[in-house]
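So in the numbering used here, spot 102 of the sequence shown is number 107, and the numbers just go up one at a time.
Even glycine gets a Cβ: it sits at the ideal position worked out from N, Cα and C.
Please read all numbers here as calculations on a predicted model, not as lab measurements.
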Amino acid sequence: MKCSLDYARAHRVEQAAQRYGIDLTVARERMFLRLVAAQGHVLARQPRGNVIYLVRHMRRWILLCISERQRRIRTFLPLGPEAWLRQQNGDRLLVGTVIDATLTAHRQAIRAPLAPPEPTETSDAYRARIEAAVTERIARLRDRRRQDRPRAA
């Protein structure tokens, strides 16, 4: 099993170097995982435990697919301003539009003040509480938008 994980990691490093000119060393992978933990915006959760995050690194937005179970980067995709993302229904959206929509949803979800951490609460527990509240509010906003949208006949 160790051999296959090493091979998969080497393949990711090679792909990142060939496609984007980025040396995705173990230290850089850890740095991106910490960046995701600090400021990653969840775009989608996949059934096999992979989560797609949007992260700002320096001046670029990066789309990362991370295996939550293994805490490994599966896909690393730096996004340019004129890049397109394809939706499940086949429509294409500009990356800027997707980023703006994601950030707007997060801003609206965080708008209401959350209670400060309790003296006995750990930083991980506080972060988990905030993430749960934000995720719940985003879900409510999405449900509200779906209800407001007229259905096509």
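Grouping DSSP H, G and I as helix and E and B as strand, with all else coil, what is T80?
By 1-based counting over the sequence shown, the position of residue 80 is 75. Residue state, collapsed to three classes: strand.
Do you know how far the Cα of E136 is from the Cα of V47?
Start at 1 with the first residue of the sequence shown, and residue 47 comes out as number 42. Start at 1 with the first residue of the sequence shown, and residue 136 comes out as number 131. When rounded, the distance between both Cα atoms is 10 Å.
Using the Cβ count rule (16 or more neighbours within 10 Å means buried), how would you classify E73?
Taking the sequence shown and counting its residues from 1, one reaches residue 73 at position 68. Flag for E73 reads exposed.
Taking C-alpha atoms, which residue in S128, V103, P124 and G85 lies nearest to M63?
By one-based count along the sequence shown, residue 63 stands at place 58. When each option's Cα is compared against that of M63, the closest is G85.
If we count the other Cβ atoms within 10 Å of its Cβ and call it buried at 16 or more, is W66 buried or exposed?
In the sequence shown, residue 66 corresponds to position 61, counting from 1. It counts as buried.
Which residues does DSSP pair with Y58 in a beta bridge?
Here the question's residue 58 lines up with position 53 in the sequence shown. Answer is V47 and L69.
In three-state DSSP terms, what is L40?
If you number the sequence shown from 1, residue 40 lands on position 35. Correct three-state label for L40: helix.
Counting C-beta neighbours from all protein chains within 10 Å, is the total for G54 16 or more, i.e. buried, or is it exposed?
Looking up residue 54 in the sequence shown gives position 49. When all chains shown are included, G54 counts as exposed.
What are the start and end residues of the beta strand (DSSP E) that includes R97?
On the sequence shown, residue 97 is found 92 positions in, with the first residue counted as 1. Per DSSP, R97 belongs to the beta strand (DSSP E) from R97 to L99.
Tell me the rounded alpha-carbon separation between L69 and A133.
As a working note, residue 69 is residue 64 in the sequence shown. As a working note, residue 133 is residue 128 in the sequence shown. The alpha-carbon atoms of L69 and A133 are separated by roughly 20 Å.
If we ignore side chains and look at the alpha-carbon of each, how far apart do Q92 and T125 end up?
To locate residue 92, count along the sequence shown from 1; it is residue 87. To locate residue 125, count along the sequence shown from 1; it is residue 120. Approximately 44 Å, taken between the alpha carbons.
Verify the CB distance criterion: does R64 have a CB-CB separation below 8 Å to chain D?
Within the model displayed, chain D is absent; a lone protein chain is all it includes.
Pair within 8 Å by beta-carbon distance, R39 and I78
Counted from its first residue, the sequence shown places residue 39 at position 34. Counted from its first residue, the sequence shown places residue 78 at position 73. Cβ atoms of R39 and I78: not closer than 8 Å.
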